[in-house]
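Residue numbers (the working numbering): 22 to 294.
Every residue, glycine too, gets a C-beta built ideally from N, C-alpha and C.
Quick caveat, the model's predicted, so the values are computed rather than measured.
First comes the structure, then the notes that go with it.
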């Protein structure tokens, strides 16, 4: 009799395994066509001209690092002091996560001005970094001998949301990043990410734009949204299989777990008799 009940116990274990595999099978199969990036004509080699580029310009609320050099180290310190103070910033994530220190720098006001010691206000609105550096350098020539100026944006950031492995706000130190690069920072899309319909939200010049891009097509390299702008938001939607699978599993899982528990308890109670 004991042997018979031990056999029943083994059957119960087999049933548990079968039910677990069945739950895994609730997820719909995903076609390679929906997950492979940059699909197109199969060629060993091809090349395309780069028809678009993005040069960021200085806008209100930008945070700038303005580094000044000249023949007078003491005078340089006066202008570089704002670049040396840091504050803890818990809101911006990096690939490592956690807190980061951010330089205070020079804040651009609503009219596009920065205010520097001695010089006063300098309007940099709409200028790329190289032109802004030249503008500041010319203003400093009245105070310094042979000044040099280097300007960088400290708060160039993009947000990645949805079906990616590491959704976060990413601060971009070199002020230039593409869609594939930022998705790599975010750990790529999950298998449930809708690759052919990624949403880009962009706010510029007092308006908000919504655009869709298709990562399964090589046409993405010609998209005006291939190069990301400051404060862009990237949202990866879940595929229908994700929603259907999750809904079905949540409906069936409590019943399956209850059945497994009941059967297991009954079998092992009989074995102990």
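DSSP, reduced to helix, strand and coil, places residue 215 outside both helices and strands of the structure shown, so it counts as coil.
Following the DSSP letters along the chain, one finds residue 139 in no alpha helix (DSSP H), marked with neither H nor E. Rounded to whole angstroms, the gap between the alpha carbons of residue 259 and residue 58 is 16 Å. Close CB contacts of residue 177 within its chain, under the 6 Å cut and outside five residues either way in sequence, are with 193, 196, 251 (chain order).
When beta bridges are read from the DSSP output, residue 255 appears opposite 181, 221. For residue 230, the CB contacts under 6 Å within the same chain, skipping 5 residues up- and downstream, are 223 in chain order. The three-state secondary structure of residue 229, taken from DSSP, is strand. Looking only at 183, 92, 152, the smallest Cα-Cα distance to residue 171 is reached by 152. For residue 149, DSSP records a beta bridge to 78. Cβ-Cβ distances below 8 Å link residue 76 to 149 in the same chain, with the five nearest sequence neighbours on each side left out; the list follows chain order.
Put simply, the backbone Cα of residue 104 is about 30 Å away from that of residue 205. The C-beta separation of residue 219 from residue 234 comes to about 5 Å, placing the pair in contact by the 8 Å criterion. Following the DSSP letters along the chain, one finds residue 92 in no alpha helix (DSSP H), marked with neither H nor E.
When DSSP states are grouped into helix, strand and coil, residue 200 belongs to the helix group.
Residue 227 and residue 92 have their alpha carbons spaced roughly 42 Å apart. Spatial neighbours of residue 257 in its own chain (CB-CB distance under 6 Å, excluding positions within 5 residues in sequence) are listed in chain order as 183, 184, 185, 210, 214, 219.
Looking at 173, 147, 140, the one whose alpha-carbon comes closest to that of residue 164 is 140. The DSSP-derived three-state label of residue 72 is coil.
When the five nearest sequence neighbours on each side are left out, the beta carbons in the same chain lying within less than 6 Å of the beta carbon of residue 198 are those of 249, in order along the chain. Between residue 181 and residue 188, the alpha-carbon positions lie close to 5 Å from each other. Beta-bridge annotation (DSSP): residue 189 is paired with 181.
At a Cβ-Cβ threshold of 9 Å, residue 243 and residue 73 count as neighbours. Beyond the five residues adjoining it in sequence on each side, residue 208 comes within less than 7 Å, by CB distance, of 185, 186, 187 in the same chain, given in chain order. The alpha carbon of residue 78 has as its nearest neighbour, out of 129, 166, 201, the alpha carbon of 129. DSSP links residue 154 through a beta bridge to no other residue. From the listed residues 133, 225, 87, the smallest Cα separation to residue 175 is found for 87.
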